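K.L.:
This is the structure I have questions about; it appears just below.
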Amino acid sequence: MVTETSLSPGQHKKLSRIVYEESGVVLNEKKYSLLLARLAKRMRITKIASVSDYINVISSDPEEFDEFIDATTTNHTFFFRENKHCEYLIKILDKKTPLKIWSAASSSGEEAFSIAVQLLANSFSLSIFASDVSDSMLKLGRRAVYPMERVKNVPSSMLHTYFQKGKDRWKDHVRVKPAVQQLVTFAKFNLLSDTPADTFDIIFCRNVMIYFDTPTRQKVVDNLCRALKPGGYFFVGLAESLNGLDHSLKTVLPSGYQKK
Ligand SMILES: C[S@@+](CC[C@H](N)C(=O)[O-])C[C@H]1O[C@@H](n2cnc3c(N)ncnc32)[C@H](O)[C@@H]1O
-4 MVTETSLSPG QHKKLSRIVY EESGVVLNEK KYSLLLARLA KRMRITKIAS VSDYINVISS
56 DPEEFDEFID ATTTNHTFFF RENKHCEYLI KILDKKTPLK IWSAASSSGE EAFSIAVQLL
116 ANSFSLSIFA SDVSDSMLKL GRRAVYPMER VKNVPSSMLH TYFQKGKDRW KDHVRVKPAV
176 QQLVTFAKFN LLSDTPADTF DIIFCRNVMI YFDTPTRQKV VDNLCRALKP GGYFFVGLAE
236 SLNGLDHSLK TVLPSGYQKK
């Protein structure tokens, strides 16, 4: 089957608006190739040959609509990414108080499990709510199986204590041990449209707002700050900041904030 390999300006506008309204991700002219590549993949999978037919399908089929939004998210992540934030928390927090943590764009779970194993290794008690808009990433997080290559930054003592090595055809993979898995609950949560039902001591919302424009970032920060307990900590990615946004958080380290 031959699929179309270009988008008319009208089709690009329509598809990027759908993505923006649903997830907040901006796929403007500069992201034309990315949008086209992700769309072409869905068209191949669904065996739909024309862009206009595909647009009609996502307008009437909620499942394919979700698949399309899922396909347009960028999910890159890895264990122990931007670990300065976690190291800071280990230094300053009281080990006696159980911590409620939210990994608010958790992708496939590496962020949540990295935080969990480090806090456990330092005798903290904790629970983590790990959320994302992408069903396929949540599925990977719940499975908690990762190629060895993905855990290369995990210190060997923690790898040994909190991960199980696979056997036979899984010999190049590790699984997060059940004792760690049970501390992390994965759930779908759209930062743009869902309202947090709980409050947290620490919120990580890293490497997602970089895909949003300023009004969306503001909305997300307002939404998340309401879910942060007074004195709680809020972290964005090291390439991100809350500059230019209205908030009442105090800066405690690069990309790290505390609610007054
Ligand atoms: C690059 S990953 C970041 C993963 C991890 N936080 C890290 O720093 O490594 C960005 C994640 O944000 C998610 N995302 C994008 N828009 C979202 C939205 N509106 N609500 C929730 N998650 C969203 C994507 O599905 C993706 O998994």
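Okay, so the sequence shown: first residue is -4 according to the numbering used here, each after it adds one.
From the three backbone atoms N, C-alpha and C, an ideal C-beta is built for every residue, glycine too.
Since this is a predicted model, take the numbers as computed values, not measurements.
What alpha helix (DSSP H) runs, 4 residues minimum, are completely inside the segment 88 to 166?
P.N.:
105 to 116, 130 to 138, 151 to 157
K.L.:
Quick check: the Cα distance between Val112 and Tyr49, rounded to an integer number of angstroms?
P.N.:
Here residue 112 corresponds to residue number 117 of the sequence shown, with the count starting at 1. Here residue 49 corresponds to residue number 54 of the sequence shown, with the count starting at 1. Going from the Cα of Val112 to the Cα of Tyr49 covers about 43 angstroms.
K.L.:
Look up Arg212 in the DSSP assignment and say whether it is helix, strand or coil.
P.N.:
Here residue 212 is taken as the residue at index 217 of the sequence shown, counted from 1. Three-state result, Arg212: helix.
K.L.:
Whose C-beta lies closer than 8 angstroms to the C-beta of Ser1 among residues of the same chain, with five residues either side of it excluded?
P.N.:
The residue labelled residue 1 in the question sits at position 6 within the sequence shown. Correct list, in chain order: Leu31.
K.L.:
Okay, do the segment 96 to 109 and the segment 124 to 131 touch, 3+ Cβ pairs below 8 angstroms being the bar?
P.N.:
yes
K.L.:
Once DSSP output is grouped into helix, strand and coil, what is the label at Gln253?
P.N.:
Counting from one through the sequence shown, the residue named residue 253 turns up at place 258. Gln253 carries a strand assignment under DSSP once its states are collapsed to helix, strand and coil.
K.L.:
Nearer than 8 angstroms: is that true of the beta carbon of Thr209 relative to any heavy atom of ligand 1?
P.N.:
As a working mapping, residue 209 is identified with position 214 in the sequence shown. Of the heavy atoms belonging to ligand 1, none sits nearer than 8 angstroms to the Cβ of Thr209.
K.L.:
What did DSSP end up calling Val21 once you bin it into helix, strand or coil?
P.N.:
By 1-based counting over the sequence shown, the position of residue 21 is 26. Residue state, collapsed to three classes: coil.
K.L.:
Check whether chain D comes within 9 angstroms of Val146, counting only Cβ atoms and requiring the distance to be less than that.
P.N.:
Structure shown: chain D not included; a single protein chain is present.
K.L.:
Within its chain, find whatever has a CB closer than 6 angstroms to the CB of Pro191; leave out the 5 residues flanking it on each side and keep chain order.
P.N.:
Taking the sequence shown and counting its residues from 1, one reaches residue 191 at position 196. Around Pro191: Ala222.
K.L.:
Assuming contact is defined by CB atoms lying nearer than 9 angstroms, are Pro210 and Lys254 in contact in what I supplied?
P.N.:
Taking the first residue of the sequence shown as 1, we reach residue 210 at position 215. Taking the first residue of the sequence shown as 1, we reach residue 254 at position 259. No.
K.L.:
Does DSSP classify Pro191 as helix, strand or coil?
P.N.:
Indexing the sequence shown from 1 puts residue 191 at position 196. The answer is coil: DSSP assigns Pro191 none of H, G, I, E or B.
K.L.:
Compute the minimum distance between the beta carbon of Met132 and the heavy atoms of ligand 1, and state whether it is under 8 angstroms.
P.N.:
In the sequence shown, residue 132 corresponds to position 137, counting from 1. Yes, the beta carbon of Met132 sits closer than 8 angstroms to at least one heavy atom of ligand 1.
K.L.:
Can you tell me whether Asp307 is helix, strand or coil according to DSSP?
P.N.:
Residue 307 falls outside the range modelled here, since the chain spans only -4 to 255, and no answer is possible.
K.L.:
Going by DSSP, name the residue or residues bridged to Thr180.
P.N.:
In the sequence shown, the residue the question calls residue 180 occupies position 185. In the DSSP output, where bridge partners are listed per residue, Thr180 has Phe124.
K.L.:
Note down the Cα distance separating Met104 from His71, rounded to an integer number of angstroms.
P.N.:
As a working mapping, residue 104 is identified with position 109 in the sequence shown. As a working mapping, residue 71 is identified with position 76 in the sequence shown. According to the sequence provided, residue 104 is Gly. The question's Met does not apply to it. If you take the alpha carbons of Gly104 and His71, they lie about 11 angstroms apart.
K.L.:
May I ask whether a heavy atom of ligand 1 can be found less than 8 angstroms away from the beta carbon of Ser250?
P.N.:
In the sequence shown, the residue the question calls residue 250 occupies position 255. The answer is no for Ser250.
K.L.:
Consult DSSP for His71 and reduce its assignment to one of helix, strand or coil.
P.N.:
Taking the sequence shown and counting its residues from 1, the one referred to as residue 71 is at position 76. In the displayed model, His71 falls within coil according to three-state DSSP, outside both helix and strand.
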